[in-house]
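S.K.: Sending over a structure as structure tokens; questions will come in a sec.
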Amino acid sequence: MKEVYFGFEKLDVWKMAKDVAVTVYSAVKLFPETERYGLTSQLTRAAVSVSANIAEGSGRKSPKDRAHFYQIAYASLMETLSHLSISLELNYIDITVYNELRSQIFNLSRMLNALYNSQINSGAKR
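Numbered by the numbering used here, the letters in the sequence shown go through residues 81 to 206 in order.
Put into structure tokens, the structure is as follows:
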């Protein structure tokens, strides 16, 4: 049987968001057990929310609706970066891991902005 892909699975921005979430999940394995319901939970939920909102937005019919979910994905990405900054200051993650994730987040933020703008601009043309 031929594998079928949904539209969002073909998006490079979704693939990158998924990779960031997977990297975050690997990083939090080293967090203290006392953070299980605190920073660990907040960080993983924010990271997963990015790719989830991209996927959900891609399923919306209007450009305005899609843009709204891409905006939420961006906000979750910024939340992820904030949690990572705190994790670094608490010495829960290594500076190398932080810098790698920060670089990925920077690139992903640019892609999300472009995706958002493309939807806003396509909605304005109608």
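Every residue gets a Cβ at the ideal spot worked out from N, C-alpha and C, and that includes glycine.
Check each candidate in Tyr154, Ser142, Thr124, Asn179 and name the one with the smallest Cα separation from Ile200.
M.R.: Reading the sequence shown from its first residue, position 120 is the one you call residue 200. The candidate whose alpha carbon is nearest that of Ile200 is Ser142.
S.K.: Going straight from the alpha carbon of Ala127 to that of Gly87, what length do you get?
M.R.: If you number the sequence shown from 1, residue 127 lands on position 47. If you number the sequence shown from 1, residue 87 lands on position 7. Taking the straight line joining both Cα atoms gives about 21 Å.
S.K.: Leu161 to Met96, Cα distance in whole Å?
M.R.: For the purposes of this step, residue 161 is identified with residue 81 of the sequence shown, where counting begins at 1. For the purposes of this step, residue 96 is identified with residue 16 of the sequence shown, where counting begins at 1. In a straight line, the C-alpha of Leu161 is about 15 Å away from that of Met96.
S.K.: Rounded to whole angstroms, what's the CA-CA distance from Arg229 to Thr114? Just pull it up for me.
M.R.: The first residue shown for the chain is 81 and the last is 206, placing residue 229 beyond what the model contains.
S.K.: Going along the chain, which residues of its own chain have a beta-carbon closer than 6 Å to the beta-carbon of Leu195, five neighbours each way excluded?
M.R.: Position 115 of the sequence shown, counting from 1, holds the residue named residue 195. Cβ neighbours of Leu195 beyond the five flanking positions: Val93, Tyr150.
S.K.: On a CA-only basis, which of Gly137, Lys82, Leu181, Asn133 is nearest Val207? Give me that one, please.
M.R.: This structure gives no information on residue 207, because the portion of the chain shown stretches from 81 to 206.
S.K.: Helix, strand or coil: how does DSSP classify Pro112 here?
M.R.: Working through the sequence shown from its first residue, we reach residue 112 at position 32. Reduced to three states, the DSSP call for Pro112 is coil.
S.K.: Can you check which of these residues, Phe186, Gly137, Ser138, Ala147, is closest to Glu159 by C-alpha distance?
M.R.: Against the sequence shown, residue 159 aligns to sequence position 79. When each option's Cα is compared against that of Glu159, the closest is Phe186.
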